[in-house]
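What follows is a single structure, written as structure tokens, with notes after it.
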Amino acid sequence: MRTAFDSTLDLTAFFDRDAVTVAQELIGATLTVEGVGGLIVETEAYRPEDPASHSFRGESARNRAMFGPPAHAYVYRSYGIHWCLNFVCRPGSAVLIRALEPVTGIDTMRARRRLENPVLLCAGPGRLAQALGISLAEDGASLLEPPFSLTLRHSVPDTLCGPRIGITKAIELPWRFGLKGSAYLSKRFR
DNA sequence: CTTTGGATTGTCT
DNA sequence: GACAATCCAAAGA
40 MRTAFDSTLD LTAFFDRDAV TVAQELIGAT LTVEGVGGLI VETEAYRPED
90 PASHSFRGES ARNRAMFGPP AHAYVYRSYG IHWCLNFVCR PGSAVLIRAL
140 EPVTGIDTMR ARRRLENPVL LCAGPGRLAQ ALGISLAEDG ASLLEPPFSL
190 TLRHSVPDTL CGPRIGITKA IELPWRFGLK GSAYLSKRFR
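Residues in the first sequence are numbered from 40 upward in steps of one, following the working numbering.
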């Protein structure tokens, strides 16, 4: 256990920092969307000088939220099929929320995903967004207001770290974080 | 303008 | 392990 960010400070200050730091300290936080959610167990950091980041070539219609204020959502369409949820940090940087341990609203998640197995409800960014009902409607929305609720932990649990998933550029950077021992990760760490 | 390929997932072999 | 689904931004011509 390490000392984490002082959660008595507001979320805007928490997110107005380096995305890699934020990504690690989000592990174990509680995220719900209209009461449906659980513990964040996997994240990835993306930064403006990072070739794998959507913000690498500057602001565009799609990535506008990444350049907006911190503590807001950035939602994008992945492979033309899925939605993926990010939390905006400093301008041009964000944290992709990759996996969640379901805690509340599990029946709602099961209905949205048409799947019983709780281990697979939120194991991956596309699955997570589907289970939480995330779409473009949430792009640019504040994380401090409904439907979002985000509660940080007072201390961050033991985390794993490794290369990010599914990218072809900057594949060596160890900017993926996971909750050690969690059964709800999208992929194993090694 | 056309082509390429992606911060993914479900299904089939 | 292989591949299709399906949209659209980015890159090429």
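Ideal placement from N, C-alpha and C gives every residue a C-beta, glycine not left out.
Since the model is a prediction, treat every value here as computed from it, not as a measurement.
Item	Value
Which of the three DSSP states is assigned to Thr13 in this structure?	In the structure displayed, the chain extends from 40 to 229; residue 13 sits before or after that span and is not available.
Across which residues does DSSP place His111 in a beta bridge pair?	Ser181
Measuring only the C-alpha atoms, how far is Ser194 from Ala104?	29 Å
At what residues does the beta strand (DSSP E) containing Ile79 begin and finish?	Val75 to Tyr85
Classify Ile136: buried if its beta carbon has 16 or more other beta carbons within 10 angstroms, exposed otherwise.	buried
Looking at Ser188 and Val114, is the spacing between their C-beta atoms short of 8 Å?	no
Going by C-alpha distance, which of Leu218, Ala62 and Thr147 is nearest Val134?	Ala62
How far does the alpha helix (DSSP H) with Ala241 in it reach, from first residue to last?	Because the chain spans 40 through 229 in this model, residue 241 falls outside it and cannot be assessed.
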